[in-house]
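Residue numbers (the working numbering): 496 to 787.
We put the beta carbon where it would ideally sit given N, CA and C, even for glycine.
Heads up: the structure comes next, in structure tokens.
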């Protein structure tokens with residue numbers, strides 16, 4: 496690793512945190528090992544590119560070796576916003592979510608000093624993964640050993656040494672090794688595996704029914720905003736208040752990771768406000784210019 500505990504990394508420093516090197520008898524084997532290692536590589540506190548790298552490890556063209564320096568531009572022209580899970584990955588995420596939540600509720604039910612009798616551990620849950628609801632039956636035989644049945648299908652055998660406080664659920668599912676990273680959220684959890692990142696809510700069937708009726712929160716309209724795509728330094732602001740800017744015209748230049756990035760207008764509009772000046776530091780997603 497290129498950092499030590501307590502180090503402060505400025506925006507002008509190389510963004511590399513660490514290198515992960517794997518090997519195998521051939522390219523595909525090495526890529527498989529690399530993907531498995533990335534599943535267990537956990538960084539907290541900052542945004543990292545592990546999901547993107549993990550997705551690339553499974554991408555068909557990259558695995559073939561038929562790539563050029565234009566690979567990212569060719570395969571991810573709109574940027575990277577995660578990939579959908581495969582059926583196997585979906586099963587792993589559902590089982591991990593059910594076990595983690597079931598473990599928490601089981602431990603809470605076994606707390607001593609209660610004024611009421613201990614409730615029987617619940618077996619039937621609904622795992623809401625993304626926008627899909629999956630009925631599950633969870634039987635925890637002992638700490639670290641469980642059976643999870645999804646949608647009334649064949650039970651899956653899960654074995655893990657996971658404990659509360661750990662952000663990696665690692666073990667075997669139906670005898671095959673797996674590793675899933677997760678983080679607590681205000682409502683449910685966020686589970687990550689390879690290039691997949693999905694919010695999971697584990698609840699009773701009654702709560703799931705009510706949850707399905709909740710209206711979706713509309714996405715904010717950012718069409719009139721020029722937003723910094725990453726932390727960096729404003730090199731120049733190339734527009735003025737009241738100026739009419741055409742679609743595709745340069746608005747700002749932001750320097751980050753030793754490169755100057757030209758931020759262009761996505762639509763034609765008139766400059767309403769300018770919130771930054773040359774020499775200012777900006778954070779990712781900071782609003783730099785607004786259009787009327």
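Item	Value
Any contact between the region 613-623 and the region 632-645? By contact I mean 3 or more CB pairs, one from each, below 8 Å.	yes
Going by the DSSP bridge assignment, what does residue 666 pair with across the sheet?	655, 673
List, from N- to C-terminal side, the beta strand (DSSP E) runs of 3 residues or more that fit wholly inside the region 581-610.	none
Could you pull the DSSP bridge partners for residue 695 from this structure?	624, 684
Measuring straight from C-alpha to C-alpha, what distance separates residue 747 and residue 586?	45 Å
In three-state DSSP terms, what is residue 551?	helix
Name the two residues that bound the continuous alpha helix (DSSP H) containing residue 568.	566-570
Using 8 Å as the cut-off, can you tell me whether the region 638-645 makes contact with the region 705-724, which would need three or more C-beta pairs spanning the two stretches below that distance?	no
Specify, as a first and last residue, the run of the alpha helix (DSSP H) that residue 701 falls within.	700-706
Please report how far the alpha carbon of residue 665 lies from the alpha carbon of residue 784, in whole angstroms.	45 Å
What is the residue span of the beta strand (DSSP E) that residue 761 lies within?	Per DSSP, residue 761 belongs to no beta strand (DSSP E) and is neither H nor E.
Expressed to the nearest angstrom, what Euclidean distance is found between the alpha-carbon atoms of residue 625 and residue 693?	6 Å
Look at the alpha carbon of residue 758 and the alpha carbon of residue 779, and state the distance between them as a whole number of angstroms.	13 Å
Can you tell me the Cα-Cα spacing of residue 550 and residue 525, whole angstroms?	15 Å
Are residue 724 and residue 770 closer than 8 Å when you measure CB to CB?	no
Based on the DSSP secondary-structure assignment, which residues constitute the bridge partners of residue 720?	785
Work out the CA separation of residue 726 and residue 737 for me, nearest whole Å.	27 Å
What whole-angstrom Cβ distance do residue 593 and residue 528 have, given they're in contact under 8 Å?	Actually they are not in contact, since the Cβ atoms of residue 593 and residue 528 sit about 28 Å apart, beyond 8 Å.
Quick one, are the C-beta atoms of residue 691 and residue 578 less than 8 Å apart?	yes
Under 8 Å Cβ to Cβ from residue 536, same chain only, skipping five residues before and after it: list those, please.	515, 545
For residue 476, count neighbouring C-beta atoms within 10 Å of its own C-beta (all shown protein chains included) and say buried if the count is 16 or more, exposed if not.	Absent from the model: residue 476. The displayed extent of the chain is 496 to 787, so no value can be given.
Taking the continuous alpha helix (DSSP H) assigned at residue 746, which residues delimit it?	Careful: residue 746 lies outside any alpha helix (DSSP H), inside the beta strand (DSSP E) at 745-751.
Of all the options 622, 655, 631, 572, which has the alpha carbon lying nearest to the alpha carbon of residue 685?	622
Based on the DSSP secondary-structure assignment, which residues constitute the bridge partners of residue 756?	749
Could you work out which residue in 575, 656, 682, 712 is closest to residue 702 when comparing CA atoms only?	682
Quick one: what does DSSP say residue 559 is sitting in, helix, strand or coil?	helix
Mind checking which residues open and close the alpha helix (DSSP H) that includes residue 728?	First-last for residue 728: 727-732, but that is the beta strand (DSSP E), not the alpha helix (DSSP H).
Ignore the nearest five residues each way along the sequence and tell me which others in residue 751's own chain have a CB closer than 7 Å to its CB.	506, 725, 726, 727
Would a C-beta distance cut-off of 8 Å place residue 772 and residue 734 closer than the cut-off?	no
So, at 8 Å on beta carbons, what are the nonlocal neighbours of residue 523 in its own chain, with the 5 sequence-adjacent residues on each side left out?	558
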